[in-house]
Structures are given as structure tokens and as C-alpha cells.
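Peer 1: When we follow the working numbering, the leftmost residue of the sequence shown carries the number 1, and every step to the right adds one. Where is the CB? At the ideal position from N, CA and C, for every residue including glycine. As the structure is a prediction and not an experimental result, all values here were calculated from the model.
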Amino acid sequence: MAEINVKNYRRRALRKKKDLSKFMRELGKSTKKGLLKTAIEVDKEVWKEVSCTNCANCCKTMTPTYTKKDVNRIAAHFKMSYDEFYKKWLKKDSNKDIVNKTTPCQFLGKDNLCTIYAIRPVDCAEFPHFVRKDFKYQVQEKTYSNNMVHCPATLVFVEKLKEAIEADL
Ligand code: SF4
Ligand code: SF4
């Protein structure tokens, strides 16, 4: 798959943000059935166009939220205690979520791959959260509207979701 030009996706997201955010706000209020099914179909199309290994922008510019279980698992991998690991790499944000102190993520390798892939935080494993039971809630919480500027896959997801839903009206 071709190299991703993250700057171009970001420019496109900023150009279309107003229109796409309006669509997502309306989708959050809609009573339309079968949204998750549409999201599952659109998700498959997104990954034909976007490859995360050519991008890694989430790992470079955002932070995952860690659960305590994540911290225990990753700390144990490095033979560190919870507190040692926490003190070295983590902090609480304004929502009291456990997050990285700095970006890019300390576990991102020079080759754009995660060096702790098999034991990465669950939030990383599930990102960008396209297929989930609480899909509608995520739409209402602006998860996709907020992420589309940072994540090329999310921009393509929202664009394709809009196309699919408008074609079905
Ligand atoms: S999830 Fe999004 S930001 Fe992260 S690597 Fe994939 S396309 Fe890039
Ligand atoms: S733990 Fe791995 S997947 Fe998660 S942000 Fe860091 S480098 Fe990316």
C-alpha cells in the first residue's frame, strides 16, 4: 500500500470538518436503524485504502488511555513495578485518565511499529474504534469528529459513512 501523506489528510480533514461534524451530530440524533451494520461495512472499505503501518500518526500525536490492568501487564514485561512504570512514563489527565506523559509514544519504534504490540494498551488495540456495540454513543461523544484530524482512517471512515448513509436515504 502506498505511503500515507498525513499532512494531506489533515488538510482535507480541516477543510471538511464543519460539514462532516454537522453530519455526525445529526447522525447522533437520528433514529435510523442498522447503524452498526453500516459501520461494519464501511470499516472494511476503509482498510482497503489506509494502512496504519504507513502512518502511526496516532502513536506520534495522541496518547492512549491506560487501564490499571494495562499498566500492570506492560510494567511486568519490563520487570518494573506499577509505581516505577507509572512514574517513568505516565500521568493523569484532566479527566483523571491514565495517559502518556509525552508524545510520540515511548513505545513507538523507528520503523513506525509498536515495540510492545502484543501487550499494548487495550485502547490502542481497539483504536480507531469503528466497530463497537456503543457505536451510536461514540458518535454522540464526538469520538470520530474529534479524531478525524489526527487519524487518516477516521477521516476516510466518516467520509464513507456519510456517502453510505446519504445513498440509503
Ligand atoms: S489508526 Fe489512524 S492515525 Fe493511527 S496509524 Fe492508523 S490511520 Fe494512522
Ligand atoms: S503503545 Fe504502541 S500502539 Fe499504543 S500508542 Fe504506543 S506505540 Fe502506539
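1) In the DSSP assignment, what residue or residues form a beta bridge with residue 66?
2) Closer than 6 angstroms is what we want: which residues have a beta carbon that near any heavy atom of ligand 2? List them in chain order.
3) Using a Cβ-Cβ distance under 8 angstroms, would residue 160 count as near chain C?
4) So residue 57 and residue 6 are supposed to be a Cβ contact under 8 angstroms. How far apart are they, rounded?
5) Going by DSSP, what residue range makes up the beta strand (DSSP E) through residue 92?
6) Taking residue 36 as the reference, which of 112, 120 and 137 has the closest Cα?
7) Give the secondary structure of residue 105 by DSSP, where H, G and I count as helix, E and B as strand, and everything else as coil.
8) Taking its Cβ as the centre, do 16 or more other Cβ atoms sit within 10 Å of residue 41, making it buried, or is it exposed?
9) Determine the extent of the alpha helix (DSSP H) in which residue 53 is found, giving its start and end residues.
10) Rounded to whole angstroms, what is the Cα-Cα separation between residue 93 and residue 31?
11) Taking all protein chains shown into account, do 16 or more other C-beta atoms lie within 10 angstroms of the C-beta of residue 14, making it buried, or fewer, making it exposed?
12) Sorted by chain position, which residues of the same chain lie with C-beta nearer than 6 angstroms to residue 45's C-beta, five sequence neighbours on each side aside?
13) Alpha carbon to alpha carbon, what distance is there between residue 166 and residue 73?
Peer 2: Concretely, from the data shown:
1) In the sequence shown, residue 66 corresponds to position 66, counting from 1. Paired residue(s): 98.
2) 59, 64, 105, 107, 108, 114, 116, 120, 121 and 124
3) The question asks about chain C, but that chain is absent: this structure has only one protein chain.
4) Taking the first residue of the sequence shown as 1, we reach residue 57 at position 57. Taking the first residue of the sequence shown as 1, we reach residue 6 at position 6. With a Cβ gap of about 5 angstroms, residue 57 and residue 6 count as contacting.
5) Reading the sequence shown from its first residue, position 92 is the one you call residue 92. Residues 90-92.
6) For the purposes of this step, residue 36 is taken as the residue at position 36 of the sequence shown. The shortest C-alpha separation from residue 36 is found at 137.
7) Translated into positions along the sequence shown, residue 105 becomes position 105. Three-state result, residue 105: coil.
8) Here residue 41 refers to the residue found at position 41 of the sequence shown. Exposed, since its Cβ has fewer than 16 Cβ neighbours within 10 Å.
9) Walking along the sequence shown from the start, residue 53 turns up at place 53. Unbroken run through residue 53: none, as it is neither H nor E.
10) The sequence position of residue 93 within the sequence shown is 93, counting from 1. The sequence position of residue 31 within the sequence shown is 31, counting from 1. Approximately 34 angstroms, taken between the alpha carbons.
11) As a first step, residue 14 is located in the sequence shown; it is residue number 14 there, counting from the start. Classification for residue 14: exposed.
12) To locate residue 45, count along the sequence shown from 1; it is residue 45. If we look at residue 45 and ignore the five residues flanking it on each side, its Cβ neighbours are 160.
13) Looking up residue 73 in the sequence shown gives position 73. Looking up residue 166 in the sequence shown gives position 166. So the two alpha carbons sit approximately 44 angstroms from each other.
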